[in-house]
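For reference, the structure discussed in these notes is given below.
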Amino acid sequence: MKQRGVALLAILLVVAIVTVLAVGIAHSNMVRLGLTERRQESAQAWHIWQAGVEWSRDILRQDARRNSYDYPGEFWARGIRDYPAEDGKLSGIMIEQQGLFNLNNLAPHGQTSEPDVAVFRRLLTRLGLDPALADTLTDWLDSDHVARPGGSEDATYIAIQPPYRAANRAMNHLTELYWVKGYDAAIVDRLRPYVTVLPAPTPINVNSASKVLLEALLPDLDGSQTDRLWNTLQTEPCADMICVQRLLPSGVSSNGVAMAVASQYFLLRLSVTYGATRADGEALLARVGGMPSVVWRARGLSQRLDIKNPLGQAELTGGV
Numbered sequence: 071m072k073q074r075g076v077a078l079l080a081i082l083l084v085v086a087i088v089t090v091l092a093v094g095i096a097h098s099n100m101v102r103l104g105l106t107e108r109r110q111e112s113a114q115a116w117h118i119w120q121a122g123v124e125w126s127r128d129i130l131r132q133d134a135r136r137n138s139y140d141y142p143g144e145f146w147a148r149g150i151r152d153y154p155a156e157d158g159k160l161s162g163i164m165i166e167q168q169g170l171f172n173l174n175n176l177a178p179h180g181q182t183s184e185p186d187v188a189v190f191r192r193l194l195t196r197l198g199l200d201p202a203l204a205d206t207l208t209d210w211l212d213s214d215h216v217a218r219p220g221g222s223e224d225a226t227y228i229a230i231q232p233p234y235r236a237a238n239r240a241m242n243h244l245t246e247l248y249w250v251k252g253y254d255a256a257i258v259d260r261l262r263p264y265v266t267v268l269p270a271p272t273p274i275n276v277n278s279a280s281k282v283l284l285e286a287l288l289p290d291l292d293g294s295q296t297d298r299l300w301n302t303l304q305t306e307p308c309a310d311m312i313c314v315q316r317l318l319p320s321g322v323s324s325n326g327v328a329m330a331v332a333s334q335y336f337l338l339r340l341s342v343t344y345g346a347t348r349a350d351g352e353a354l355l356a357r358v359g360g361m362p363s364v365v366w367r368a369r370g371l372s373q374r375l376d377i378k379n380p381l382g383q384a385e386l387t388g389g390v
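Numbering follows my numbering, in which position 122 of the sequence shown is assigned residue number 192; successive positions increment by one, without gaps.
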């Protein structure tokens, strides 16, 4: 009787072990299947994201064929929200970058541009920030090792733990500001709507510049004159620089800082939802010559998508 009891217990133990193993294998297979499905969804989401980049490049190419100036009221600036794309949804917007102050203009090709430094100092002041931040950034960018009054060169950064040196070259991305003396997250966030980092010196597009940047660019205008200029450009953008000069009072100039009415650089922000997966990313597009090129791509969004007036389905299917 005892032998039968032992045998029964042994059988029950074997059954329990087999059951546990079977459940474990089934669970493992389900996990692997879920991971495979997620990987497939992720791959498809990024495929749609890349298609969005190519679509945006073509939109900019067609825009250049229509006219030779750029302003925020154009088709490309509207953005899209939850546009159906290959069983996923695509949202995104293009932001013209030359209506912002290009920080690399402070020291093009390693040489300080004092007119641009003056504009940046005025911009900082209007934003309630320390104008000396213009000097620390200029020292970070210029090729010499001589500190400006209020600036910082290698000696400042070598004293930090861990030590490093001033870049003494152009920046590639706005996040590099965190390495520069005096710049922290709050300051970078305050600056972000008004500045950019582009791979070459660029003029400021007055058609898309903010009122604050116009004030910094054209300090000889009083408040009412700046308001009038900005309001005019919002409703009647200039097609050429002759138009801009006509809008400015006699004797008023940008004091050596280049202005324009067109742009070559556009920041694309795209977000794709596919199944349970989301793909967010940004790309800097350069429209130089024919088809715009991609300067860089980066995963993630530096700011949330702000699409105030998205294009409708009829507008999109009607073509650009």
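Even for Gly, the Cβ is constructed at its ideal location relative to N, Cα and C.
- The DSSP-derived three-state label of Asn301 is helix.
- Restricting attention to Ile150, Trp125, Phe171, the CA atom closest to the CA of Leu268 is found in Phe171.
- Here Leu303 has Val276, Asn277 as same chain residues with Cβ atoms under 7 Å from its own Cβ, once five neighbours each way along the sequence are excluded.
- Under DSSP, Glu352 shares a beta bridge with Arg339, Ala368.
- If you look at Arg196, you'll find it in the alpha helix (DSSP H) that goes 184 to 196.
- Under the 10 Å beta carbon count, Arg339 is surrounded by 16 or more other beta carbons and is classified as buried.
- Between Ser161 and Ser341, the gap from beta carbon to beta carbon is short of 7 Å.
- Secondary structure of Glu111 (DSSP, three-state): helix.
- In the displayed model, Gly122 falls within a helix according to three-state DSSP.
- Ala236 sits in coil when the DSSP states are folded into three classes, being neither helix nor strand.
- Around the C-beta of Trp366, fewer than 16 other C-beta atoms lie within 10 Å, and the residue is accordingly described as exposed.
- By the beta-carbon neighbour count (other beta carbons within 10 angstroms, threshold 16), Asn174 is buried.
- Per DSSP, the continuous alpha helix (DSSP H) segment holding Glu285 begins and ends at 281 to 287.
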